[in-house]
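Everything on this sheet refers to the single structure shown next.
Protein chains: 2
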Amino acid sequence: LEIRPRLITKTLIPENQESPIHFINGQKISPLQYFYRRNHFPYPSLLPKPYYLTIRGLVQQPFDFNLEQLKSMPSKSFVVPLECAGNQRAKFSPKVFGEQWKDGAISQAEWKGVPLKDILLKAGLQKDAKEVVFVGADYGMRTDMVGVFYYARSLPLEKALHPDTIIAYECNGQPIPFKHGFPLRLIVPGWYAMTSVKWLQQIIVIDEPFTGPFQAIDYVYYPYKNSDADKKPVTTINVNSLIQFPLDYSVHNTGTIVIEGIAWTGNGVITKVEISIDNGETWNDANLDSQPDQPYAWTQWSFVWEAYEKGEYIILAKATDSNGQTQPFEPMWNRKGYGYNAIQEIRVKIE
Amino acid sequence: LEIRPRLITKTLIPENQESPIHFINGQKISPLQYFYRRNHFPYPSLLPKPYYLTIRGLVQQPFDFNLEQLKSMPSKSFVVPLECAGNQRAKFSPKVFGEQWKDGAISQAEWKGVPLKDILLKAGLQKDAKEVVFVGADYGMRTDMVGVFYYARSLPLEKALHPDTIIAYECNGQPIPFKHGFPLRLIVPGWYAMTSVKWLQQIIVIDEPFTGPFQAIDYVYYPYKNSDADKKPVTTINVNSLIQFPLDYSVHNTGTIVIEGIAWTGNGVITKVEISIDNGETWNDANLDSQPDQPYAWTQWSFVWEAYEKGEYIILAKATDSNGQTQPFEPMWNRKGYGYNAIQEIRVKIE
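Sequence lines, in order, name chains A and B. Numbered according to this note's numbering, the first sequence spans residues 2 to 352. Numbered according to this note's numbering, the second sequence spans residues 2 to 352.
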C-alpha cells in the first residue's frame, strides 16, 4: 500500500512544485522525484540536435561547444543545494505577491561539469568584458511587459571566473533530468538558483550591466513597497536553517523527540545550529553532520529533546556560518519576497 | 512531459494528504488520485475474508451481512462531497494544533449503497435504541490516552434512519478504493466526513450516548481554549465556498479573468454565491452550475471579471444556502479547529 510524499503544486503552467522537504529528512541528496521545480515559462519543447553551447560577444574567438567536447574537458563535481530566491516567500509579513513558496523551494544534488572559467578562457575574453550572460532555451511572456523573452541571467566576471562555477552535464551521476535543465545547466554554488540557468544554450560576454527583465526587474531586493530606492541584486544565499521534524502545530506524546533539519549558507560553511525549545529564552547546540569534503552541501543537524513535560512549546532553530552571519529574528522584508532567512519558529503540543 | 498536480502531504503515518483542489477546478467528480486522504491510524492490514458486516446490540435479531447480500438489496446513489471537519483548520486565528489542513480536505464522488435504515429494520430495533455505533477496521494509539482504539463513531437514531444515509459499496461505479474504505463505507450526506466510517465492520445499537474518544473528545466544538464549557458535537457541514481560481497572491495580466470555485452546505442546497472584487464594498452574484438531481453535490460557480484596471484587489466569495445560512466574515473559533467556513479572501495583483 503505497504511502509517499508528493511534490506540492504551486502552479502548473509554468510548472512550479515544491519539495515535500519535511517528509524527506535525513537525506544528503534529495530524491529526484522530490526535487523542487521552478520555471518561469513552459518547458522548452524543441532542443536543437545536435546541441551546441555557443559563446559569443566580447571574446577573442566565438566558439560552439558540442556535448562531447564539453565532456572531454576536465570536470568538477559538487554537492550543491539549489535554493529558489523566493523560498519561504509565503512567510513574509506583510505578505508579498508571487509564487507562495513555503519551505520546499530547496533541494540538493551532486552536479558535475566543466568549470565555466575553462570555457571562457578557451574562447578568450576581450579586455573590456564585464559580465557574462547565460541564455536558456525557455521563453515566453510576462505579465508586466509586452513581448516574448528568453530566460536569461548574467554573472559579474569575478563570479563567472570562480573555479567552482560550472557548466553541468550530470546530476547525481546521470544526465541532467530534462525538467532540471538537460543537457546543460549552469551551476553557481552559493548563489540563489535563479542564476543556475537551465537548458543553457548561449553564453554572451558583454561590457555593461545586463538589463534583461530577470536581471533588472526580478531578482532584485526592493526594500520599499512603493519605491525602487535602495534596490540591490539578489546574489548569495543567506545563512538559513529548517526544522524538518517535528511539524508545525503537531501534537506528540511525551517522550524523546529528535528534532532534526538542515542548515545552509552561500558564504562559507555552517559552524553552529542552535535550538531553543522555550521560544528563545535558552539555546542549545544541535549536533552537526557536516560534509567537510563538500563545502557547499547543506549540513544536517539534530537535537535530542526529552519532552516529558506536557504543554505547548515554541521551538526555534538558528544557524551561524563561518563568516559570522547568523539568522535574524526578523526577515529583511522586500517587495518581491526574496532571501527569507528569519529564524524558524514551530509550535508543538506534548500531551 | 507530464505536468500534473499532486496530493499535498500533511503526514505520512497515518496518511493524511490534501486534494490539490485549486488545480482540479471545473469537475463534478474529484479524480480519485486527487481525492483527499484522512486517516486516524495506519491502514488496516488484514480485512477478514469473507467480509461480514455485523449488526449487534439492541436489535431484535443480530445479523451478519455478507457483501453479496448487501448488493442484492435495493440501493441508492448520491454525488456527495466528503469534507473533513478540520478542513481549512490552518486558517483559524489564533491558530490551533492538529493537522494543518488548508483548502483541500474536501472531495466529491458518487457513492452507491444500501440505505442503513433497511439494514437496521431488517435486524429490528429494540425500543430503547438511541444511537448506532459504527466501527471501522482501523485501530491504533492516541497521544492523549493510554490504550489501543478502533476508529468508531455514532449517529443518533434519527440520522441513522434517514433514507439517504447509506452503507456504500461502490464509489464512482467501482468498488470503493481501499484507501477510501473498501469494501464498505458508511456515507452520511450532509455531515462532516468523520462520520462516514471507512472499512466498516460492525454496527452496534446502544441506548446511551456513545463515549468513544472520536465521539466524546475529538469532533467536538470547544469554544474556549482552557475550558470545555459550551461544547457541542460536530455534525452538519457548514455552508461554505472556495475560490479555486485565481490563486491567492497571484499576479495576472490585464484582461478577462474567470473567477471560479465551488460552494456546498450540509443543510439544503446552495441558493446564492456572491463575489466581491473590492474587499466587500460591492457584491455580485456568481453564475451557479447546480445539479438539481443531486441535492448534496457541491455547486460549481463562476464570475467573469473584466480586470482591466491595474492594481491590487481583495476578492471575496460568500455562499448562502436554502436554509438562509450565509458564510460569516469571522469563523467560529474553536479549540480543535473544526467547521471553518468564514468568507474566503484572496488577493491578486493585476499588472
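Think of the CB as a built atom: it goes at the ideal place given N, C-alpha and C, for glycine as much as any other residue.
Could you tell me whether any Cβ in chain B is nearer than 7 angstroms to the Cβ of Ile9 (chain A)?
-> yes
Proximal chain B residues relative to Asp145 (chain A), where beta-carbon distance stays under 9 angstroms | Val252, Asn254, Glu352
Please name the residue, chosen from B:Glu171, B:Asn335, B:Ile315, B:Ile56, that lies closest to Ala91 (chain B) on a Cα-to-Cα basis.
-> B:Asn335
Can you list, in chain order, the residues of its chain whose CB lies under 7 angstroms from that of Asp229 (chain B), leaving out five sequence neighbours each side?
-> Tyr223
DSSP on Asp119 (chain A), reduced to helix/strand/coil?
-> helix
Please list the partners that Tyr44 (chain A) has in chain B, where partner means a Cβ-to-Cβ separation under 9 angstroms.
-> Leu2, Ile4
With Ala215 (chain A) as the anchor, note down where its beta strand (DSSP E) starts and where it stops.
-> The question names Ala, but residue 215 (chain A) is Phe in the sequence shown. It is not in any beta strand (DSSP E) - Phe215 (chain A) instead sits in the alpha helix (DSSP H) that spans 214-217.
Using three-state DSSP, classify Ile344 (chain B) as helix, strand or coil.
-> coil
Pick out whichever of A:Thr327, A:Phe246, A:Glu275 has its Cα sitting closest to the Cα of Ile347 (chain A).
-> A:Phe246
Is the CB of Pro21 (chain B) under 7 angstroms away from at least one CB in chain A?
-> yes
Start and end residues, beta strand (DSSP E) containing Ala169 (chain B) = 167-172
How would you list, in chain order, the residues of chain A whose beta-carbon sits under 7 angstroms from the beta-carbon of Glu16 (chain B)?
-> Ile4
Start and end residues, beta strand (DSSP E) containing Ala318 (chain A) | 312-322
Cα separation between Gly58 (chain B) and Trp102 (chain B)?
-> 36 angstroms
With burial defined as no fewer than 16 other Cβ atoms inside 10 Å of the residue's Cβ, what is the status of Glu3 (chain B): buried or exposed?
-> exposed
Determine the contact status of Gly338 (chain B) and Gly87 (chain B), defining contact as a CB-CB distance below 7 angstroms.
-> yes
Pick from A:Asn227, A:Ser242, A:Val134, A:Thr144: whose alpha carbon is nearest that of Ile56 (chain A)?
-> A:Val134
Locate the alpha helix (DSSP H) running through Glu159 (chain B), then write down its first and last residues.
-> 158-161
What does Gly99 (chain B) touch in chain A if you count any residue whose Cβ is under 8 angstroms from its own?
-> Tyr250, Val252
Report yes or no: is there a C-beta of chain A within less than 7 angstroms of the C-beta of Leu13 (chain B)?
-> yes
Grouping DSSP H, G and I as helix and E and B as strand, with all else coil, what is Glu307 (chain B)?
-> strand
Beta-carbon of Phe24 (chain B) versus every beta-carbon of chain A: anything under 7 angstroms?
-> yes
Beta carbon of Ile357 (chain B), beta carbon of Trp306 (chain B): below 7 angstroms?
-> Any question about residue 357 (chain B) goes unanswered here, given that chain B covers just 2 to 352.
8 angstroms Cβ cut-off: residues of chain B touching Lys96 (chain A) = Tyr250, Arg348
Alpha-carbon spacing of Val136 (chain B) relative to Ile204 (chain B), whole angstroms = 6 angstroms
Taking the C-alpha atoms as reference points, what is the distance between Gln243 (chain A) and Gly267 (chain A)?
-> Sequence inspection shows Leu at residue 243 (chain A); the Gln mentioned does not correspond to that position. Leu243 (chain A) and Gly267 (chain A): Cα-Cα distance of roughly 15 angstroms.
Spatial neighbours of Met74 (chain A) within its chain, please: CB distance less than 7 angstroms, with the 5 preceding and 5 following residues excluded, ordered by chain position.
-> Val115, Asp119
N-terminal and C-terminal residue of the alpha helix (DSSP H) that Ser73 (chain A) is part of = 68-73
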